[in-house]
Amino acid sequence: MFTCVVNNLGGYRVSGDSATARVAWIKADTKAILAIHEHVITNNARLSVTHNDYNTWTLNIRGVKREDRGQYMCQVNTDPMKMQTAFLEVVIPPDIIYEETSGDMMVPEGGSAKLVCKARGYPPPKIVWRREDGGDIISRGGPQGKTKVTSLEGEIVNLTKVTRSEMGAYLCIAANGVPPSVSKRIMLHVHFHPLVQVPNQLVGAPTGTDVTLQCHVEASPKAINYWTRENGKLKIPINKSVLVNAITH
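Read in order, the letters of the sequence shown correspond to residues 7 to 255 in my numbering.
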């Protein structure tokens with residue numbers, strides 16, 4: 007909404023003419039006449055002009071759009087011409103451009119991953135990356151070698167020589183000072199061969215008692231675990247049960 011106050015307009019006549027002076031609204035950057043006095047000239051249903059029957063004219067713009075940005079002029083066709091200008095800055099909250107932003111991905115351990123996040127808005131949004139679990143983002147290959155940071159700024163994050171500790175959710179957060187900020191969650195899966203650890207390699211138990219065997223398996227994707235004996239598959243007698251635990255990470 008723009009307001010223009012014109013004092014002493016009354017029955018003022020334009021010099022050299024019998025026409026009454028009028029107040030006009032003009033979009034200065036395109037030279038388009040929007041309205042004269044209380045009549046909208048441009049073919050834009052979102053514009054309206056009100057007059058308080060005294061000295062104040064108001065240009066109203068409903069549902070402001072990006073293309074409405076620019077300089078507006080309130081002009082009185084006197085001689086010399088009188089005018090006032092004002093600038094309309096249109097701000098737009100950030101929005102993730104999903105078709106140009108990475109989705110969930112899988113990479114082998116030791117491989118590379120490129121995370122991309124694009125956003126639109128005005129002013130242009132700033133992109134910040136964080137890990138959902140609060141862990142460090144590891145950067146390698148730069149002038150400082152391996153560095154760990156809790157956040158990175160920029161549309162692209164390059165991860166090299168990826169390790170299993172870097173697996174998890176990465177958050178791309180776009181903000182430009184116009185609420186609300188938006189984010190996208192990108193899951194990075196790191197595949198690696200199974201690693202088997204046995205807490206107790208030797209377990210003893212009296213005859214006829216129960217015994218628990220445990221092994222810890224770390225693998226991605228999740229491993230399929232089974233037990234064997236040195237001389238073949240583990241056999242379970244009909245009248246006995248064997249409790250075996252395989253704990254997978």
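Even glycine gets a Cβ: it sits at the ideal position worked out from N, Cα and C. Being a predicted model, the structure only gives us computed values, none of them experimental.
Using alpha carbons as the reference points, say which of V55, C123, R75, V12 lies closest to Q81.
The shortest C-alpha separation from Q81 is found at V12.
How is R235 classed by DSSP in three states: helix, strand or coil?
Looking at R235 - three-state DSSP - the assignment turns out to be strand.
Check the C-beta distance from S157 over to R136 and give it rounded, since I have them as a contact under 8 Å.
With a Cβ gap of about 5 Å, S157 and R136 count as contacting.
Under 8 Å, with one C-beta from each stretch per pair, do the segment 220-238 and the segment 196-212 reach the 3-pair mark?
Taking 8 Å as the limit for Cβ pairs, the verdict is that the segment 196-212 does touch the segment 220-238.
Suppose you measure from the CA of N14 to the CA of D59; what does that come to, to the nearest Å?
Rounded to whole angstroms, N14 to D59 spans 13 Å at the Cα level.
Is it the case that the segment 153-169 contacts the segment 84-98, given that we only count it when at least three CB pairs across the two stretches are under 8 Å?
No, they do not touch.
For a test of the three-state rule: what should DSSP assign to D139, helix, strand or coil?
In this structure, D139 counts as coil in the three-state DSSP scheme.
Considering only the beta carbon of each residue, do M79 and M87 sit closer than 8 Å?
Taking 8 Å as the Cβ cut-off, M79 and M87 do not qualify as a contacting pair.
Buried or exposed: where does E172 fall if 16 or more other Cβ atoms within 10 Å of its Cβ makes it buried?
Flag for E172 reads buried.
Do the segment 118-133 and the segment 175-191 touch if we need at least three Cβ pairs shorter than 8 Å?
In short, these stretches touch, since the Cβ pair count reaches three.
If distances are taken between C-alpha atoms only, which option among K228, K37, E44 comes closest to N61?
That would be E44, whose Cα lies nearest to the Cα of N61.
Quick check on the burial criterion: 16 or more other C-beta atoms within 10 angstroms. Buried or exposed for A30?
With 16 or more Cβ atoms within 10 Å of its Cβ, A30 is classed as buried.
How close, in whole Å, do the beta carbons of D101 and R126 come, if the pair is a contact with beta carbons under 8 Å?
Contact flag correct, Cβ pair sits at about 5 Å.
Output the distance between the C-alpha atoms of D23 and F8, rounded to the nearest integer angstrom.
Confidence is the limiting factor: at D23 the pLDDT is only 48, short of 50, which leaves the residue's position unreliable, though a coordinate-based value still follows. Each residue's Cα considered, the two are about 29 Å apart.
Classify L165: buried if its beta carbon has 16 or more other beta carbons within 10 angstroms, exposed otherwise.
Classification for L165: buried.
Going by the DSSP bridge assignment, what does S226 pair with across the sheet?
For S226, which the question treats as bridged, DSSP gives the partners F198.
Using the Cα positions of P185 and N83, report the straight-line distance between them to the nearest angstrom.
Straight-line Cα distance between these residues: approximately 41 Å.
Taking all protein chains shown into account, do 16 or more other C-beta atoms lie within 10 angstroms of the C-beta of W63, making it buried, or fewer, making it exposed?
W63 should be labelled buried.
Kindly list the residues whose CB is nearer than 6 Å to the CB of R68, restricted to its own chain and excluding five residues on each side of it in sequence; keep chain order.
Cβ neighbours of R68 beyond the five flanking positions: R52.
Apart from the five residues just before and just after H57, which ones in its own chain have a Cβ nearer than 6 Å to its Cβ?
These residues qualify, in order along the chain: E44, W63.
Can you give the Cα-Cα distance for S189 and R170, rounded to whole angstroms?
Going by the C-alpha atoms only, they are around 24 Å apart.
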